[in-house]
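Structure first, then comments.
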Amino acid sequence: AAEDHMLRCVGVEFTKQFIPISRGNALWTLTFTKDSVKDKTPVVLLHGFGGGVGLWAQNLEALAEHHPVYALDLLGFGQSSRPVFSTDPQEAETEFVESMEEWRAKVGLESMILLGHNLGGFLSVSYSIAYPGRVKRIILVEPWGFPEFQETLEADRPVPVWIKALGAMFSPFNPLAGLRLVGPLGPTLVQTMRPDFKKKFSSMFSDNTVSEYIYHLNVQSPSGETAFKSMTGSCGWAKRPMLQRLHQLPPDIPISIIYGSRSSIDSDSASAIQQERTDVDIITIRGAGHYVYADQPDDFNQKVLQMCEKVDVEKPRPGTLEQKEDITS
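Mapped onto UniProt numbering, the consecutive letters of the sequence shown carry residue numbers 1 to 329.
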């Protein structure tokens, strides 16, 4: 019901369904396929940690006017199945990637543009390394998990003692355990701790629709949340940083990276990627924070469509048959 409220302002037709994958799991999926754009390369939207398909509410209509669009809840998040993941970071990552490939096969997509925010960006590259023949372009939005842990950086930004104490106290628990701990006070806690979310969607909602949705996304069994914790080391750094494996990604898959000018996320990773690869675009959207797509949706949508249009005018890449490479190295 909370998701339906989030999507009630989307002005184009779409379908909602559970796409079955292995082990009795299913991925919740929104599908936008206008006849006029059915020949264009589909855009697949992958949300970030603690997110869901409803958070794309300000982007779906604009993107669907020009491309087929698929938005799915990642395994373990949103309305998708919430299985028990491996506690091994490498195996947990592989479980995410394999669920995405099973989903693609069931939906019947030959190739796609992957657009991932935060954790979704990390998984977009991991999937593309494993199945490069299925991806025509990667669009990373404020991606998580690329740089290696840097003790010198942490030393330059000392953490207050009280934060260290809280971190030590809650370290055995999942990141959002506190939200579940407060029970029915959860929605109020979200509104209090993150009042900015209401502002991000103020053009669509004047009530507490967004905070209610975020609460219900994250108050359920912490399946994907637990997997993310397994993949995360000290202070939120990835245990298996993606920059170490980027050389495994074929050089003919273009990458675009979007950051918000007001975000606290370090964009040095984008520069490192650009130094290693020739076909990399870095875009900064003014006035936007970490949730770029919600902070400045019009500008975001325009930039994304410009990147997507490049795909359908470029020559087909060689080796478009399904390929799977080892992502464990």
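Every residue gets a Cβ at the ideal spot worked out from N, C-alpha and C, and that includes glycine. If you're wondering where the values come from, they're calculated on a predicted model, not measured in any experiment.
Exercise for review: Give the secondary structure of Gly319 by DSSP, where H, G and I count as helix, E and B as strand, and everything else as coil.
Suggested key: Your numbering for residue 319 matches position 319 in the sequence shown. Note on Gly319: pLDDT 49, under 50, position unreliable in the model; the coordinate value appears next. Gly319 falls in the coil class under three-state DSSP.
Point to revise | Coil, strand or helix - Met112 by DSSP | key: Counting from 1 along the sequence shown, the entry for residue 112 is found at position 112. DSSP places Met112 within a strand segment (E or B) once states are collapsed to three.
Point to revise | Of the listed residues Thr33, Thr41 and Phe201, nearest to Lys136 (C-alpha basis) | key: On the sequence shown, residue 136 is found 136 positions in, with the first residue counted as 1. Out of Thr33, Thr41 and Phe201, Thr41 has the C-alpha closest to the C-alpha of Lys136.
Review point. Is it true that the stretch 103-116 meets the stretch 87-94, where meeting means three or more beta-carbon pairs spaced less than 8 Å apart?
Key: Flag = no, the stretch 103-116 and the stretch 87-94 do not touch.
Review point. Where does Thr192 fall in DSSP's three states?
Key: Residue 192 sits at position 192 when you count from the first residue of the sequence shown. In this structure, Thr192 counts as helix in the three-state DSSP scheme.
Review point. If Val10 and Ala57 are in contact, beta carbons under 8 Å, what's the gap, nearest whole angstrom?
Key: Here residue 10 corresponds to residue number 10 of the sequence shown, with the count starting at 1. Here residue 57 corresponds to residue number 57 of the sequence shown, with the count starting at 1. With 8 Å as the limit, Val10 and Ala57 qualify as a contact, their Cβ atoms being about 6 Å apart.
**Study point:** Limits of the beta strand (DSSP E) - the one that Phe18 falls within
**Key:** As a first step, residue 18 must be located in the sequence shown, where it is residue number 18. Per DSSP, the unbroken beta strand (DSSP E) holding Phe18 starts and ends at Thr15 to Pro20.
Review point. Where Thr33 and Leu109 are concerned, what is the direct C-alpha to C-alpha distance, given to the nearest angstrom?
Key: The residue you call residue 33 lines up with position 33 of the sequence shown. The residue you call residue 109 lines up with position 109 of the sequence shown. Those two C-alpha atoms are separated by around 12 Å.
Review point. Looking at the unbroken beta strand (DSSP E) that takes in Asp281, where does it start and where does it end?
Key: As a working mapping, residue 281 is identified with position 281 in the sequence shown. Run containing Asp281: Val280 to Ile285, per the beta strand (DSSP E) assignment.
Review point. What is the DSSP secondary structure of Leu55, counted as helix, strand or coil?
Key: One-based indexing of the sequence shown puts residue 55 at position 55. In the structure shown, the three-state DSSP call for Leu55 is helix.
Check your understanding: Quick one: what does DSSP say Arg8 is sitting in, helix, strand or coil?
Key -> As a working note, residue 8 is residue 8 in the sequence shown. Residue state, collapsed to three classes: coil.
Review point. In this structure, does DSSP put Phe77 in helix, strand or coil?
Key: The residue you call residue 77 lines up with position 77 of the sequence shown. Phe77 falls in the coil class under three-state DSSP.
Review point. What is the rounded straight-line gap between the Cα of Tyr215 and the Cα of Pro83?
Key: Locating residue 215 in the sequence shown gives position 215, counting from the first residue. Locating residue 83 in the sequence shown gives position 83, counting from the first residue. If I take the Cα positions, the gap works out to 20 Å.
Review point. Out of curiosity, what's the CA-to-CA distance linking Thr15 and Val210?
Key: Position 15 of the sequence shown holds residue 15. Position 210 of the sequence shown holds residue 210. Rounded to the nearest whole angstrom, the CA to CA distance from Thr15 to Val210 is 21 Å.
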